[in-house]
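Presented below is the structure to which this report refers.
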Amino acid sequence: MKKILIPLLAIFVTIACDTSKTVKERAFMGNEWTIGDEILFRNDSSVSYKKFDDKKKKMVGDTTFPIIITDSTITYKLIKGKGHYNENRQYVLTGDTLIETTVGYDFTFINEEPKLILYAENYPKVCSSKKSDIKIKPTNHYKQVKFTIAKYSIGDRIDRDLLKTRGIYNYDTYTIEDCELKTNHDIKIKIIGYNQIYAIERHNIPQYRVEEIKEVVTSKMKQKAAYVPMRQLSEKSDYAYEFYRWSKNGVRIKLERSRYIGDYAYMNLLDSDTWTLYYDDDVQKALLIEQHKKSKPHSTIIN
Numbered sequence: 198m199k200k201i202l203i204p205l206l207a208i209f210v211t212i213a214c215d216t217s218k219t220v221k222e223r224a225f226m227g228n229e230w231t232i233g234d235e236i237l238f239r240n241d242s243s244v245s246y247k248k249f250d251d252k253k254k255k256m257v258g259d260t261t262f263p264i265i266i267t268d269s270t271i272t273y274k275l276i277k278g279k280g281h282y283n284e285n286r287q288y289v290l291t292g293d294t295l296i297e298t299t300v301g302y303d304f305t306f307i308n309e310e311p312k313l314i315l316y317a318e319n320y321p322k323v324c325s326s327k328k329s330d331i332k333i334k335p336t337n338h339y340k341q342v343k344f345t346i347a348k349y350s351i352g353d354r355i356d357r358d359l360l361k362t363r364g365i366y367n368y369d370t371y372t373i374e375d376c377e378l379k380t381n382h383d384i385k386i387k388i389i390g391y392n393q394i395y396a397i398e399r400h401n402i403p404q405y406r407v408e409e410i411k412e413v414v415t416s417k418m419k420q421k422a423a424y425v426p427m428r429q430l431s432e433k434s435d436y437a438y439e440f441y442r443w444s445k446n447g448v449r450i451k452l453e454r455s456r457y458i459g460d461y462a463y464m465n466l467l468d469s470d471t472w473t474l475y476y477d478d479d480v481q482k483a484l485l486i487e488q489h490k491k492s493k494p495h496s497t498i499i500n
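The opening position of the sequence shown corresponds to residue 198 in this note's numbering, with each subsequent residue numbered one higher.
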């Protein structure tokens, strides 16, 4: 009986020790998290340039700062270059500044590789782990609100036979196809990879449907829309725009219409005064780009 109890006790102790480890110990210590070729975190610290070299006119050296990790946020510091744009629109470094950032985070797996999502203010960052065998579980601290347009949502897979390709955009590491539904040309769908939905648009929405759209989006996002009345976005523009906009945890909804205000009267005949609904999810986009970053270029002429 004792011979059986001792191995069982050892197993329980091992499991207890593993589950009692902090996020920092499991995911950060002895590991590096990178964005592309740049190391962002090493062990329990952020990795940063050390200073701006006035003679070389560039950031040099490296240093580290301790990071603070809670159950759902990471606080870290970086020394960044600061400067201004010259008359040739080139950014010229003149010094450095210390920036402290607190962001939400989640862990996930993409193509069976561990990833760290940082919910940065402008756009989420997806970090790759140097170690592939770290013992972490996927988390969902910051849930994205999910919408459907014509029964489709971002991240869904769609039958390519339903789509007509309108354009292809090959980037350094991924390709976006601009498509529309064959059965409804008002539904524009961008896909990544072979058939995964990257963004959705709904065109030619009549005025009488605007209020119901606003009510649904406001209810799901739990926030009122930012409203911009009809106006030119620049003095030289021939178009004026009016739109409602919502944004939360990377999900962006925009309901917009435009009017021609230029000098060519015949262009007014083309104005329908209808609205267009844009649905984007920056978190899903970042994950989809990471998932399909090794995909091959596409062409409507030759493949």
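Each residue gets a CB set at the ideal place from its N, CA and C atoms; glycine is no exception.
Which of helix, strand or coil DSSP assigns to residue i
{"i": "GLY224", "result": "First, the residue type needs correcting, since residue 224 is Ala and not Gly in the sequence shown. Correct three-state label for ALA224: helix."}
{"i": "GLN287", "result": "coil"}
{"i": "ILE236", "result": "strand"}
{"i": "ALA437", "result": "strand"}
{"i": "GLU318", "result": "coil"}
{"i": "VAL480", "result": "helix"}
{"i": "HIS495", "result": "coil"}
Member of the options whose CA lies at the smallest distance from the CA of residue i
{"i": "VAL448", "options": "GLU432, PRO403, GLN404 and ALA396", "result": "ALA396"}
{"i": "SER243", "options": "GLY364, PHE249, CYS324 and ILE386", "result": "CYS324"}
{"i": "LYS254", "options": "LYS445, THR270, GLY278 and ARG239", "result": "GLY278"}
{"i": "THR372", "options": "THR497, ARG239, LYS218 and GLU235", "result": "THR497"}
{"i": "ILE402", "options": "GLY390, LYS445 and ILE346", "result": "ILE346"}
{"i": "ALA317", "options": "PRO311, LYS327 and GLY301", "result": "GLY301"}
{"i": "ASN293", "options": "PHE306, ILE307 and LYS274", "result": "One point to set straight first is that residue 293 is Asp, not Asn, in the sequence displayed. Cα-wise, what sits closest to ASP293 is LYS274."}
{"i": "SER492", "options": "TRP230, LEU290, ASN392 and ILE276", "result": "ASN392"}
{"i": "ASP353", "options": "LEU484, THR219, PRO494 and THR415", "result": "LEU484"}
{"i": "LYS343", "options": "TYR441, TYR405 and LYS419", "result": "LYS419"}
{"i": "LYS445", "options": "LYS417, SER350, LYS252 and PRO263", "result": "LYS417"}
{"i": "ALA422", "options": "LEU452, LYS433 and GLN404", "result": "LEU452"}
{"i": "GLY258", "options": "TYR438, ILE276 and ILE264", "result": "ILE276"}
{"i": "THR299", "options": "ARG239, ASN283, HIS281 and PRO321", "result": "PRO321"}
{"i": "ASP241", "options": "LEU378, ILE264 and ARG223", "result": "ILE264"}
{"i": "ILE389", "options": "GLN287, ILE365, LEU237 and THR270", "result": "ILE365"}
{"i": "ARG239", "options": "ILE232, MET226 and ASP251", "result": "MET226"}
{"i": "ILE331", "options": "ILE351, GLU310 and TYR441", "result": "GLU310"}
{"i": "TYR476", "options": "VAL220, GLU398 and ARG442", "result": "GLU398"}
{"i": "TYR349", "options": "THR362, LYS379 and ILE394", "result": "ILE394"}
{"i": "ASP250", "options": "TRP443, GLY280 and LYS218", "result": "GLY280"}
{"i": "SER245", "options": "VAL289, ILE296, GLN287 and ILE271", "result": "ILE296"}
Where the beta strand (DSSP E) through residue i begins and ends
{"i": "LYS322", "result": "322-326"}
{"i": "LYS451", "result": "448-457"}
{"i": "VAL196", "result": "Not covered by the structure: residue 196. The range shown for the chain is 198 to 500."}
{"i": "LEU243", "result": "Reading off the sequence, residue 243 comes out as Ser, not Leu. Its beta strand (DSSP E) spans residues 242-245."}
Residue i CB to nearest heavy atom of the ligand MG below 7 Å
{"i": "THR497", "result": "By its list of ligands, the structure shown contains no ligand whatsoever, and the ligand MG lies outside what it can speak to."}
Problem set entry | Any beta strand (DSSP E) of 3 or more consecutive residues that is wholly inside the stretch 345-433 | 360-367, 372-378, 381-389, 393-402 and 423-429
For this session: Jot down the residue ranges of each uninterrupted beta strand (DSSP E) in the stretch 249-309, minimum 3 residues, whole runs only, in chain order.
Result: 255-257, 260-263, 270-282 and 288-307
Exercise. Can we say the stretch 360-374 touches the stretch 336-344, given the rule of at least three CB pairs closer than 8 Å?
Worked result: A contact is defined here as three or more CB-CB pairs under 8 Å, and the stretch 360-374 fails this definition with respect to the stretch 336-344.
Problem set entry | Any 3 or more C-beta pairs closer than 8 Å across the stretch 375-388 and the stretch 478-492 | no
Exercise. If we count Cβ pairs, one from each stretch, closer than 8 Å, do we get three or more for the stretch 470-477 versus the stretch 402-417?
Worked result: Taking a cut-off of 8 Å for Cβ pairs, the stretch 470-477 and the stretch 402-417 touch, as three or more such pairs fall below it.
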